[in-house]
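Worksheet: the structure to be examined is printed underneath.
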């Protein structure tokens, strides 16, 4: 059951041949418009806030603050490629960051083993989501909302509404706190994951199969693609990446609490939906997702430096999500009209 359609609208070289410069720009603006907006925002805030925005300190703060959201956006993006949606990215991180700490502080498990356990549980949750969607034929939105709510309830039960605190090994702190070339190591995690996903989705049969399933699952099945296996695999990958984000959040916060984590759901989905409006508009894609996350990071950072109140971030995220969904819907309608 498709919750999100995956298709692309980027022009081919043949379509651009013979067009005037103005016509080419009009044809390419929907493809790179969001990227141009990102660069424009960076330049605008750099001019308006020359002493605070275009600084290494601000870059470090943005990377440190948004790297986990970027990982969650990429996690949410993977099922979207196959035409599904995974809401557990916002709920699972609550339980996973708590477990990453409590397995060490309450049960004395070494931090590398604790991290592996959390990653395995994340993968199992993805497997469960895949079965609910592909075997039980429950709509992905409903299935993952239900699974996510259960995970959140387990987090509340496990903590009893209290914080999970304790002294953790330095090696665990270093997962998030290390700096490489003067920048937070989490930025390099995001870069490595982004490049890996880009290579898989754009240059391997796995990526072509997932996009084919997202565009038309029935046609994919008729062409011999095992849709069930690939969709379940997409959910497993998403669940594992969500667990990784939980581990990094635990290393960053150094405490576990059920009140932390749910605020990541909206920006993660915003980043993934924005990713379907640029680079390859009408199709969820890796670099588009990263551009979407950077748009959020730059916009919120600039507004806050202008003295924006605490409610600015959720307001910005919500409005951006509505705009992204509207643009994506328009792109899909345009694609459908072009095929008629």
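Numbering (my numbering), first residue to last: -15 to 324.
Built from N, CA and C at the ideal position, the CB exists for glycine as well.
Computed from a prediction, not measured in an experiment: that's the story for all the values here.
*Could you give the DSSP three-state label for residue 21: helix, strand or coil?*
Residue 21 sits at position 37 when you count from the first residue of the chain shown. In this structure, residue 21 counts as helix in the three-state DSSP scheme.
_Contact defined as beta carbons within less than 8 Å: I believe residue 46 pairs with residue 260. What is the distance between those atoms, to the nearest angstrom?_
Against the chain shown, residue 46 aligns to sequence position 62. Against the chain shown, residue 260 aligns to sequence position 276. With 8 Å as the limit, residue 46 and residue 260 do not qualify as a contact, their Cβ atoms being about 23 Å apart.
_Segment limits, alpha helix (DSSP H) that includes residue 125_ = If you number the chain shown from 1, residue 125 lands on position 141. 124 to 143 is the span of the alpha helix (DSSP H), which, as asked, contains residue 125.
_What does the alpha-carbon distance come out to for the pair residue 291 and residue 149?_
Start at 1 with the first residue of the chain shown, and residue 291 comes out as number 307. Start at 1 with the first residue of the chain shown, and residue 149 comes out as number 165. Rounded to the nearest angstrom, the two C-alpha atoms are 33 Å apart.
*List the endpoints of the continuous alpha helix (DSSP H) containing residue 93.*
Start at 1 with the first residue of the chain shown, and residue 93 comes out as number 109. No alpha helix (DSSP H) holds residue 93; DSSP gives it neither H nor E.
*With DSSP run on the structure shown, which of helix, strand or coil describes residue 240?*
Along the chain shown, one-based indexing puts residue 240 at 256. Reduced to three states, the DSSP call for residue 240 is strand.
*May I ask you to report which of helix, strand or coil DSSP gives residue 65?*
The sequence position of residue 65 within the chain shown is 81, counting from 1. Correct three-state label for residue 65: helix.
*asked:* Considering only the alpha carbon of each residue, which of 153, 279 and 214 lies closest to residue 24?
replied: Your numbering for residue 24 matches position 40 in the chain shown. With distances taken between Cα atoms, residue 24 lies closest to 279.
*Who are residue 290's beta bridge partners in DSSP?*
One-based indexing of the chain shown puts residue 290 at position 306. DSSP lists no partner for residue 290.
*At what residues does the alpha helix (DSSP H) containing residue 257 begin and finish?*
Within the chain shown, residue 257 is the residue found at index 273, counting from 1. Taken as a continuous stretch (DSSP letters only), the alpha helix (DSSP H) holding residue 257 covers 249 to 258.
*Mind checking residue 75: buried by the 16 CB within 10 Å criterion, or exposed?*
Reading the chain shown from its first residue, position 91 is the one you call residue 75. Buried.
_So residue 270 and residue 182 are supposed to be a Cβ contact under 8 Å. How far apart are they, rounded?_
For the purposes of this step, residue 270 is taken as residue 286 along the chain shown, with counting starting at 1. For the purposes of this step, residue 182 is taken as residue 198 along the chain shown, with counting starting at 1. Correct: roughly 4 Å between the Cβ atoms.
*Could you check what DSSP says for residue 189 in three-state terms: helix, strand or coil?*
By one-based count along the chain shown, residue 189 stands at place 205. Looking at residue 189 - three-state DSSP - the assignment turns out to be helix.
*For residue 193, is the classification buried or exposed, using 16 other Cβ atoms within 10 angstroms of its Cβ as the cut-off for buried?*
Locating residue 193 in the chain shown gives position 209, where the first residue counts as 1. The residue in question, residue 193, is buried, as its Cβ has 16 or more Cβ neighbours within 10 Å.
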